[in-house]
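Trainee: If you use the numbering used here, the sequence shown corresponds to residues 2 to 558, in order. Note that CB positions come from ideal geometry on N, CA and C, so glycine has one too.
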Amino acid sequence: MIPNRYALNDGDPILRPARGQTLRLIAATVTLMIPPIGLAHAQQADFQPEYGEAQDFSFETLTERARDLAQNDYAAPTVQQADILEAIDYDAHWRIAFRKEATVEVGDIPVQFFHLGTYFRNPVKMSVVENGEAREVLYDRDFFDMPEDSPARNLSDNAGFAGFRLMDEGLQSDWISFLGASYFRTSGPFNQYGMSARGLAIDSGMPKPEEFPNFTEFYIENAPEDDSESDVIIYALLDSPSVTGAYEMKIRDGEDGDGQKMEIASRLFFRDAVERLGVAPLTSMYWYSETNRVLGFDWRPEVHDADGLKIISDSGERLWRPLNNPDRVMTSSFVSENPRGFGLLQRDRKFENYEDDGVFYDKRASVWIEPRGDWGAGQVQLIEIPTDDEIYDNIVAFWNPADAPQPGDELSFDYALHWVDDAPDDSELARTVATRIGAGGVPGQPRPDGHLKIVVDFQGWELSGLGQDEGVEPEITVPEGVTLEQAYALPVVGTDRWRLVFDISAEGVETADIRAYLSRDGAPLTETWLGQVHPVQFDAARPGHRSAEPAQETAAE
Numbered sequence: 002m003i004p005n006r007y008a009l010n011d012g013d014p015i016l017r018p019a020r021g022q023t024l025r026l027i028a029a030t031v032t033l034m035i036p037p038i039g040l041a042h043a044q045q046a047d048f049q050p051e052y053g054e055a056q057d058f059s060f061e062t063l064t065e066r067a068r069d070l071a072q073n074d075y076a077a078p079t080v081q082q083a084d085i086l087e088a089i090d091y092d093a094h095w096r097i098a099f100r101k102e103a104t105v106e107v108g109d110i111p112v113q114f115f116h117l118g119t120y121f122r123n124p125v126k127m128s129v130v131e132n133g134e135a136r137e138v139l140y141d142r143d144f145f146d147m148p149e150d151s152p153a154r155n156l157s158d159n160a161g162f163a164g165f166r167l168m169d170e171g172l173q174s175d176w177i178s179f180l181g182a183s184y185f186r187t188s189g190p191f192n193q194y195g196m197s198a199r200g201l202a203i204d205s206g207m208p209k210p211e212e213f214p215n216f217t218e219f220y221i222e223n224a225p226e227d228d229s230e231s232d233v234i235i236y237a238l239l240d241s242p243s244v245t246g247a248y249e250m251k252i253r254d255g256e257d258g259d260g261q262k263m264e265i266a267s268r269l270f271f272r273d274a275v276e277r278l279g280v281a282p283l284t285s286m287y288w289y290s291e292t293n294r295v296l297g298f299d300w301r302p303e304v305h306d307a308d309g310l311k312i313i314s315d316s317g318e319r320l321w322r323p324l325n326n327p328d329r330v331m332t333s334s335f336v337s338e339n340p341r342g343f344g345l346l347q348r349d350r351k352f353e354n355y356e357d358d359g360v361f362y363d364k365r366a367s368v369w370i371e372p373r374g375d376w377g378a379g380q381v382q383l384i385e386i387p388t389d390d391e392i393y394d395n396i397v398a399f400w401n402p403a404d405a406p407q408p409g410d411e412l413s414f415d416y417a418l419h420w421v422d423d424a425p426d427d428s429e430l431a432r433t434v435a436t437r438i439g440a441g442g443v444p445g446q447p448r449p450d451g452h453l454k455i456v457v458d459f460q461g462w463e464l465s466g467l468g469q470d471e472g473v474e475p476e477i478t479v480p481e482g483v484t485l486e487q488a489y490a491l492p493v494v495g496t497d498r499w500r501l502v503f504d505i506s507a508e509g510v511e512t513a514d515i516r517a518y519l520s521r522d523g524a525p526l527t528e529t530w531l532g533q534v535h536p537v538q539f540d541a542a543r544p545g546h547r548s549a550e551p552a553q554e555t556a557a558e
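1. When we look at the beta-carbon of R268 and count the other beta-carbons within 10 Å, is it buried (16 or more) or exposed?
2. Identify the continuous alpha helix (DSSP H) that holds D522 and give its terminal residues.
3. In chain order, what residues of the same chain have a beta carbon less than 8 Å from the beta carbon of F60, not counting five sequence neighbours either side?
4. Secondary structure at E291, three-state DSSP: helix, strand or coil?
5. Quick check: what's the CA-CA separation for E170 versus P111?
6. Between G379 and N401, which are expected to be in contact by the criterion C-beta below 8 Å, what is the C-beta distance as a whole number of angstroms?
7. Could you tell me which residues DSSP puts in a beta bridge with L201?
8. Between Y518, A55, Q113, which lies nearest to A98 when the distance is taken from Cα to Cα?
9. Going by beta carbon distance, what residues of the same chain come within less than 7 Å of F58, once the five residues before and after it are set aside?
10. Using a 10 Å radius around the Cβ and a threshold of 16 neighbouring Cβ atoms, would you call D540 buried or exposed?
11. Based on the DSSP secondary-structure assignment, which residues constitute the bridge partners of I505?
12. Just to confirm the assignment, what range does the alpha helix (DSSP H) spanning W300 have?
13. Please report the straight-line C-alpha distance between D84 and S197, rounded to a whole angstrom.
14. How would you label E471, buried or exposed, when you count the other beta carbons within 10 angstroms and need 16 or more for buried?
15. Cutting at 7 Å between CB atoms, please list the residues of its own chain near A542, excluding the five before and the five after it.
16. Under the rule that 16 or more other beta-carbon atoms within 10 Å means buried, what is L491, buried or exposed?
17. Can you say whether Y518 is buried or exposed, counting buried as having 16 or more other CB atoms within 10 angstroms of its CB?
18. Should the stretch 206-218 be called in touch with the stretch 406-421, which here means at least 3 C-beta pairs below 8 Å?
19. Would you decide whether D227 is buried or exposed? Buried here means 16 or more other CB atoms lie within 10 Å of its CB.
20. Can you tell which of P447, R68, T529 has the C-alpha that lies nearest to the C-alpha of T245?
21. DSSP has F337 in a bridge; who is on the other side?
22. Please report the straight-line C-alpha distance between Q407 and P242, rounded to a whole angstrom.
23. Alpha carbons only, please: which of Q460, L310, A513 is nearest the one belonging to G495?
24. Per DSSP, which residues does A147 bridge with? Please list them.
25. Could you give the distance in angstroms between the alpha-carbon of E564 and the alpha-carbon of I515?
26. Assuming contact is defined by CB atoms lying nearer than 8 Å, are D504 and E486 in contact in what I supplied?
27. So what does DSSP say about T64, is it helix, strand or coil?
28. Taking the CB atoms as reference points, tell me whether V397 and G206 lie closer together than 8 Å.
29. For V280 and P444, what's the separation of their Cα atoms in angstroms?
30. Rounded C-beta distance between W530 and T433? I'm assuming under 8 Å.
31. Pick out whichever of G200, F191, Q193, S188 has its Cα sitting closest to the Cα of A182.
32. Are the beta-carbon atoms belonging to P323 and T292 less than 8 Å from one another?
33. Under 8 Å, do F115 and F162 count as touching if we go by C-beta distance?
34. What does a CB cutoff of less than 7 Å around F581 pick up in its chain, not counting 5 residues either side in sequence?
35. Should D349 be labelled buried (16 or more other beta-carbon atoms within 10 Å of its own) or exposed?
Next comes the structure, spelled out in structure tokens:
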């Protein structure tokens with residue numbers, strides 16, 4: 002039997018489950034493969050979709066609906082025909098395929114729908130918009146090919162859809178999909194699905210169950226001819242116990258290698274107080290890289306969708322935080338006001354660092370968020386959750402406003418979402434390309450107990466051509482209780498990189514957050530590297546552990 006990851010087509014979206022109580026999503030409890038287009042069991046070729054009555058529609062009217070909805074108590078969706086949906090399990094869902102000839106054309110945008118099943122039980126309303134009017138696309142099982150014995154044939158005639166995806170011109174693959182809660186993602190610049198975005202996150206990483214808002218209605222409109230920046234506009238109504246919302250997403254699918262860009266406007270209306278609000282949330286997976294290779298008992302060198310969080314603060318400081326797979330849930334906060342941008346990036350683009358020709362981690366998109374307007378005070382928060390497999394999403398990043406929303410509050414957040422190779426940034430500062438951690442001390446001499454050596458490589462324009470005697474200085478800040486020793490920087494022979502090297506030790510420190518960069522004449526030459534070291538890493542440098550703990554590295558190239 003071929004492993005599932007090799008059965009995936011490049012264009013097939015999957016929705017991984019989240020890890021643990023803080024990221025549990027009932028609608029996605031296993032990796033779900035979406036079947037390729039055009040399986041057997043062909044039905045009549047003259048199928049025509051049916052539509053509901055036309056209704057006046059605009060983003061303003063959708064916003065008013067969200068505002069009115071927030072005035073009423075939350076009505077949780079009732080799962081209809083639960084026994085039948087339970088029977089549409091992984092295997093049964095795989096055998097249900099959308100029929101190519103049933104594709105709905107919205108202008109020149111081909112749209113296909115996902116079927117309900119045990120992992121996607123709540124139907125969402127699908128409508129197309131033209132000339133200021135919306136018409137619902139009515140469910141019909143003839144949208145799909147399915148075996149004669151499929152339990153899906155026993156669903157009611159108005160069962161509804163689970164989600165949708167937009168196809169390329171030849172209907173060979175999709176380039177964006179919306180499926181489950183408020184999740185969506187694109188195929189990125191290399192036609193390979195990776196991390197997901199969400200409409201909103203509520204209480205992620207808290208010691209209580211996370212609340213997952215749902216997109217309950219979608220409205221799909223072909224972009225106006227005079228809008229050269231968009232191909233399609235997606236409107237969505239969001240609902241949950243604590244909040245309602247209206248979303249407008251103007252989406253552009255770039256040329257090959259350009260990825261996708263989304264201009265998103267969100268209008269939020271709060272029924273209840275929210276302790277931790279996550280705006281523009283990203284969800285990703287980081288199992289192991291060469292930094293923590295010992296955690297991954299697997300033949301591949303690295304397994305991750307992203308390897309770091311980048312932030313450009315309001316002051317223009319560039320921050321790079323390599324991701325971790327900690328032994329407990331960790332939340333890191335980066336305080337700012339009106340950040341210029343942040344995102345989870347996959348910097349390492351070398352196939353040999355993954356050796357996976359089935360899911361191509363080297364081709365996973367980086368996702369960059371660019372705020373529009375005044376977001377005010379707050380913090381970028383990074384949540385890292387322990388994982389022992391690649392099927393779990395264990396990384397979350399979002400903007401958290403300084404003031405927690407209260408009942409009756411109305412908030413607006415507009416932002417651009419870039420699905421790209423790397424963050425759009427014209428800075429000439431050198432960037433981090435590798436982080437290595439190993440035993441401290443000097444090779445060939447007795448190693449000091451519990452000391453770590455950290456090696457960070459930088460590469461970029463500001464360092465180009467500089468020699469060892471040209472005033473490049475290390476700038477390192479460690480927290481109280483951590484001792485810094487033997488810090489220096491030097492160019493790496495035979496490359497255009499510079500290397501920062503230093504040892505640290507700590508007694509009684511749970512977690513050490515370290516800042517470092519290279520400077521010349523008091524001015525930074527590199528982005529600021531933010532490293533987080535955990536007790537398990539210090540323990541690995543103690544006698545009895547070293548032989549089992551090889552030198553470790555994170556490559557971000």
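Mentor: On the basis of the coordinates in this document:
1. buried
2. Per DSSP, D522 belongs to no alpha helix (DSSP H) and is neither H nor E.
3. Y236, A247, E249, A266
4. coil
5. 7 Å
6. 5 Å
7. V280
8. Q113
9. V130, G133, E134, A135, Y220
10. exposed
11. L453, L485
12. It is not in any alpha helix (DSSP H) - W300 carries neither H nor E in the DSSP assignment.
13. 30 Å
14. exposed
15. A440, G441, G451, H452, L453
16. exposed
17. buried
18. no
19. exposed
20. R68
21. Note on identity: in this sequence residue 337 is Ser, with Phe being the wrong assignment. Looking at the DSSP assignment, S337 forms a beta bridge with G379.
22. 13 Å
23. Q460
24. The displayed chain sequence assigns Met, not Ala, to residue 147. Answer is none; M147 lacks a bridge partner.
25. Outside the modelled stretch of the chain, which goes from 2 to 558, sits residue 564, for which no answer is possible.
26. yes
27. helix
28. yes
29. 47 Å
30. 5 Å
31. G200
32. yes
33. yes
34. Residue coverage of the chain in this structure runs from 2 to 558, which leaves residue 581 outside it and unanswerable.
35. buried
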